[in-house]
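Reading through the structure tokens given below for one structure.
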Amino acid sequence: MGSLFMIRAMSPPSNKPDKSQDVSRLGELLLVATPIGNLGDITLRALETLKSVQLIACEDTRTTAKLLTHYGIHTRTVSYHDHNEASASAPLVARMQAGERIALVSDAGTPLLSDPGARLVAAAIEAGIRITPLPGASALLAALTMAGLPAEQFYYAGFLPIKTKAQQAVLHPLRTLQSTLVFYEAPHRLVDTLAALQETFGDRPCAVARELTKLYEECQRGTLSQVHAHYVAHPPRGECVILLHGAAPLEAMDDAAIDAALLDALSRGSVKQAVEEVTSASGWPKREVYQRALQLKS
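Numbering (this note's numbering), first residue to last: 1259 to 1556.
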């Protein structure tokens, strides 16, 4: 196994570029996962790569400099972030076409997950350049493993929009998913986001993982209302990962199913009784079921 691993590590399978290109002259784009807090959470392969490439494209060169200094790495860095991604991709691809190996890192964790890099990867693929991922730290996976929620299937939604209308446009279609839902959130928005999740999904089981791999790492578990109350009383610091239990089988009802259930319940009782019955059976937010009931009644 050891010999096989070394051969594969040294000679990974290549992408399939345009046959007209001289593949031997092309460089390589290496997607390097970096620590999410604890500097010890970096792989030996990542360190060797960061030392050997010609250039490191960083979300923030100052943040990456702390990691490089810690490990005595002196490779040249260049900024590659949300605001220059469109303009910076072409020059980086040109350098790789000239034979350079370039590493892409985000400030923390695995590149492209709620971080810049998608444009560069797409452009490199279009140019026939090899793409090599170097797996490592990920807040998403670390939180999922410690949350105590089902991990067999999950849906990663990243950061939610700030505006309520746009936020609901993202959340509304997720109500019937039976997979665990995962969101990233900034500490100053956490309380409001937990309230919005409870309004949309009801009082489901959830967990909030905070300050992962750092000194004050914690994971608060409970229902949405319980976790919301905790962070109202104890304002959080540090980046947070919210994990929400998926819909129970009875909750997996789409709009048509809810309307059919309401019509049946309305034929047998009052609006109030129908709303109570369908809310209990579906797990949908009571306010939304009530509004649909009024529309159907009219």
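C-beta atoms are modelled at their ideal positions from N, C-alpha and C, and glycine is treated no differently.
If we count the other Cβ atoms within 10 Å of its Cβ and call it buried at 16 or more, is Gly1295 buried or exposed?
-> The residue given as residue 1295 occupies position 37 in the sequence shown. By the 10 Å Cβ count, Gly1295 comes out buried.
Residues near Ser1205 by beta carbon distance below 6 Å, same chain, minus five either side = In the structure as shown, the chain starts at 1259 and stops at 1556, and residue 1205 therefore has no counterpart that could be examined.
Cα-Cα separation between Asn1342 and Leu1473, rounded to whole angstroms = Your numbering for residue 1342 matches position 84 in the sequence shown. Your numbering for residue 1473 matches position 215 in the sequence shown. So the alpha carbons of these two residues sit roughly 33 Å apart.
Own chain partners of Leu1302 with C-beta closer than 8 Å, once the 5 adjacent residues on each side are dropped = Residue numbering aside, residue 1302 sits at position 44 when the sequence shown is read from its first letter. For Leu1302, where only same-chain residues beyond five positions count, there are no Cβ hits under 8 Å.
Around the Cβ of Ala1514, are there at least 16 other Cβ atoms within 10 angstroms (buried) or fewer (exposed)?
-> If you number the sequence shown from 1, residue 1514 lands on position 256. That one is exposed.
Measuring from the CB of Thr1458, is there a heavy atom of the ligand MN at a distance below 7 Å?
-> With respect to small molecules bound, the structure shown includes none, and the ligand MN cannot be examined in it.
Coarse secondary structure for Ser1540, derived from DSSP in three states | Start at 1 with the first residue of the sequence shown, and residue 1540 comes out as number 282. If DSSP states are grouped into helix, strand and coil, Ser1540 belongs with the helices.
From Glu1469 to Ala1519, what distance separates their C-alpha atoms?
-> Against the sequence shown, residue 1469 aligns to sequence position 211. Against the sequence shown, residue 1519 aligns to sequence position 261. Whole-angstrom Cα-Cα distance: 43 Å.
DSSP three-state assignment for Glu1410, whether helix, strand or coil = Within the sequence shown, numbered from 1, the residue matching residue 1410 stands at position 152. The answer is coil: DSSP assigns Glu1410 none of H, G, I, E or B.
Measure from the C-beta of Asp1340 to each C-beta in chain B and report whether the shortest distance is under 8 Å.
-> Checking the listed chains, one finds no chain B in this structure; it contains a single protein chain.
Do Leu1524 and Leu1552 come within 8 Å of each other at the CB atom, strictly closer than that value?
-> As a first step, residue 1552 must be located in the sequence shown, where it is residue number 294. As a first step, residue 1524 must be located in the sequence shown, where it is residue number 266. No, Cβ-Cβ distance for Leu1552 and Leu1524 is not below 8 Å.
Quick one: is Thr1422 buried, meaning 16 or more other Cβ sit within 10 Å of its Cβ, or exposed?
-> Position 164 of the sequence shown, counted from the start, is the residue given in the question as residue 1422. Exposed.
Exposed or buried, Phe1441, counting other C-beta atoms within 10 Å across all chains shown (16 or more means buried)?
-> The residue given as residue 1441 occupies position 183 in the sequence shown. With 16 or more Cβ atoms within 10 Å of its Cβ, Phe1441 is classed as buried.
Backbone CA spacing between Leu1262 and Pro1391 [nearest angstrom] = Taking the sequence shown and counting its residues from 1, the one referred to as residue 1262 is at position 4. Taking the sequence shown and counting its residues from 1, the one referred to as residue 1391 is at position 133. With a pLDDT of 37 at Leu1262, under the threshold of 50, the modelled position of this residue cannot be trusted; read the value that follows with caution. Whole-angstrom Cα-Cα distance: 19 Å.
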